[in-house]
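This report refers to the structure that appears directly beneath it.
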Amino acid sequence: MFFKWISEKDLVYHLPYDDFSAILAFINLAARDEKVLAIKQTLYRVSKNSPIIDALELAAKNGKNVTVLLELKARF
6 MFFKWISEKD LVYHLPYDDF SAILAFINLA ARDEKVLAIK QTLYRVSKNS PIIDALELAA
66 KNGKNVTVLL ELKARF
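According to the working numbering, the sequence shown holds residues 6 to 81 in order.
So, in structure tokens, the structure goes:
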């Protein structure tokens, strides 16, 4: 149902004003959905025990093609 909704309409999510748990739920949903083939994600300043890493690992274990661009050290 959620994937049908976003295929018809754009979704704008603004952190920190919107709750991060919705993003985590979305990735967990994608990790379990048989129609999802791949997840491509950019991660910036991720903690060692981040639940988003667990969700992406679950997706990979479920046969999804998971690609992550990880910012190791930010410089401006």
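Note that beta-carbon positions come from the ideal geometry of N, C-alpha and C, so glycine has one too.
On a predicted model such as this, the values are computed, not experimentally measured, just so you know.
Neighbourhood of residue i by C-beta distance below 6 Å, restricted to the same chain and skipping five residues each side
i: Pro-84; result: Since the displayed the chain opens at 6 and closes at 81, residue 84 lies outside it and no answer follows.
i: Asn-70; result: Ala-43
Euclidean distance between Cα positions of residue i and residue j
i: Thr-72; j: Lys-14; result: 24 Å
i: Lys-66; j: Asp-59; result: 10 Å
i: Arg-37; j: Leu-75; result: 23 Å
i: His-19; j: Asn-54; result: 23 Å
Boundaries (first-last residue) of the beta strand (DSSP E) holding residue i
i: Lys-74; result: The sequence given here places Leu at residue 74; Lys does not occur at that position. Taken as a continuous stretch (DSSP letters only), the beta strand (DSSP E) holding Leu-74 covers 70 to 76.
Enclosing alpha helix (DSSP H) for residue i [first to last residue]
i: Leu-29; result: 25 to 37
i: Leu-1; result: In this structure the chain extends from 6 to 81, so residue 1 is not present and cannot be described.
Neighbourhood of residue i by C-beta, 8 Å cutoff - its chain only, sequence neighbours within 5 removed
i: Leu-63; result: Asn-33, Ala-36 and Arg-37
i: Ala-27; result: Tyr-18
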